[in-house]
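For what it's worth, the working numbering labels the leading residue of the sequence shown as 1, then goes sequentially.
Input: a single structure, listed below in structure tokens.
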Amino acid sequence: MADSYKAEGSLIRDYNKLSQEHKEKVWKYIKNLIRLQKAEKEVADKLYELKGSPKTQTEEYTTGEIFCDFCGKPQNEANRLIAGPDVYICDECARICGEILDEVEEEDKGNHEI
1 MADSYKAEGS
11 LIRDYNKLSQ
21 EHKEKVWKYI
31 KNLIRLQKAE
41 KEVADKLYEL
51 KGSPKTQTEE
61 YTTGEIFCDF
71 CGKPQNEANR
81 LIAGPDVYIC
91 DECARICGEI
101 LDEVEEEDKG
111 NHEI
């Protein structure tokens with residue numbers, strides 16, 4: 001597997017080669033990352049309440065450039081960045097997440113059928 005991916009297709013292809021056990025681990029890691037992002041947002045919200053200062057993740061970057069909060073891709077390298085409340089996701093990461101969710105939903109349907 002590649003250390004980093006330039007094309008979404010390569011990532012999906014490698015993901016599909018994984019055993020079911022490893023796919024489940026990947027999904028668990030993604031869920032943990034989502035939980036961490038939510039916790040980070042809660043902390044940022046609380047800091048905003050306490051300090052009264054703007055809570056933007058882009059403050060970390062001296063350029064003021066916006067980045068995908070999943071893969072770190074800067075705005076000028078992404079086709080599109082989708083904005084959420086204080087977070088951004090690039091179109092590639094959104095597509096990958098959609099494909100993973102579709103797979104999980106299909107697996108869940110198969111597990112519920114008798």
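Where is the CB? At the ideal position from N, CA and C, for every residue including glycine.
These numbers come from a predicted model, not from an experiment.
Spatial neighbours of residue i in its chain, beta-carbon cut-off 7 angstroms, leaving aside the 5 residues before and after
| i | result |
| --- | --- |
| I66 | T58, Q75, L81 and Y88 |
| A94 | I82 |
| E42 | none |
| E8 | E92, R95 and I96 |
| C68 | A78, L81, Y88, I89, C90 and C93 |
Start and end residues, alpha helix (DSSP H) containing residue i
| i | result |
| --- | --- |
| I89 | Run containing I89: none in the alpha helix (DSSP H); it sits in the beta strand (DSSP E), V87 to C90. |
| I12 | E8 to K17 |
Limits of the unbroken beta strand (DSSP E) element including residue i
| i | result |
| --- | --- |
| I66 | Careful: I66 lies outside any beta strand (DSSP E) and carries neither H nor E. |
| A78 | Segment: none, A78 is in no beta strand (DSSP E) and carries neither H nor E. |
Close Cβ partners of residue i (< 8 angstroms) along its chain, the five nearest in sequence each way excluded
| i | result |
| --- | --- |
| E99 | I12 |
| C71 | C90, E92 and C93 |
Identity of the residue in the options nearest residue i by Cα
| i | options | result |
| --- | --- | --- |
| D108 | L47, E24 and G9 | E24 |
| E105 | W27, E8 and D14 | W27 |
| S10 | E92, Q37, D102 and G110 | E92 |
| E40 | P85, L18, D14 and H22 | P85 |
| L101 | K73, K31 and Q37 | K31 |
Other residues of its chain near residue i: CB distance less than 6 angstroms, five sequence neighbours each side excluded
| i | result |
| --- | --- |
| N79 | D91 |
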